[in-house]
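Under this note's numbering, the first residue of the sequence shown carries the number 31, and numbering increases by one thereafter.
Glycine included, C-beta positions come from ideal geometry on N, C-alpha and C.
Treat the numbers as computed from the prediction; the structure is a model and nothing was measured.
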Amino acid sequence: MHVLLVEDDPAIAGSLREGLARYGYEVDWVTTGREALAADAPGVVLLDLGLPDMDGLDVCRRLRARSKVPIIVVTARGDEVDTVAGLEVGADDYVAKPFGVREIVARIRAVTRRHATDATGEGTEPAPPPVRLGTVTIDVAARRVTQGDAEIALAPKEFDLLVALARRVGSVVTREALIDEVWDTHWFGSTRTLDVHVSALRQKLGAAVAITTVRGVGFRVEHADAS
């Protein structure tokens, strides 16, 4: 698989290229946002948000606008603001520095497997009915969320997470079940990504849909009654 690595730190890029090559990945390395936008279409993008010439979030947004390529953003450890912003502009997942090659490989496999499943599954089954949470409607087939006439823009994994919770409205869904369903049954990366996605959903949905944390277990989705 062809990986586009967008990273301005030669030491990190060198280690990643060497490590990913051991797993059979072909890595194209660029150091700027402009080079990333001009590169040939890859199978997956590893995008460091701290680029020298452009805002990495803008690069992510522009890549997503023209392609469905899986995008994994790389952020500084604990930088939740950048992480949530990356997911909002279209990234599929994130990884925080420092990280190991095995974690990167796991995330690449998870996002590419998910994209492949979505692509091959189109049109093979009847379209699922919309899911309604009070004033919020989730069109599963169109992957679209609306509240009244207004659309709520969600990143791909945010949408998948909302659907997983909405289908069990009122029930507690364990962290393990959500990781398995939304990410991958073979996931071995940090489960912190689940908390970041839940945080982003809460910000976007506001008071219309309440996502309650059940400490040590998982999450439960509830909704305000439509009126």
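In this structure, the CA atom of Thr204 is about 9 Å from the CA atom of Val244.
C-alpha of Ala121 to C-alpha of Pro40: approximately 23 Å in a straight line. About 7 Å separates the beta carbon of Leu76 from that of Val36, a gap short enough to meet the 8 Å contact definition.
The continuous alpha helix (DSSP H) containing Asp88 extends over residues 86-96. Bridge pairing for Thr176: Thr167, Glu181 [DSSP]. Residue pairing by DSSP places Val60 opposite Val36 in a beta bridge. With respect to the C-alpha of Ile182, the residue from Leu191, Leu195, Thr167 having the closest C-alpha is Thr167.
Taking a C-beta distance under 8 Å as the contact criterion, Val74 and Val99 qualify as a contact pair. If you compare the alpha carbons of Ile134, Asp70, Asp85, Ala126 with that of Val119, the shortest gap goes to Asp85.
Annotation: Ala68 to Leu224 spans about 32 Å, alpha carbon to alpha carbon.
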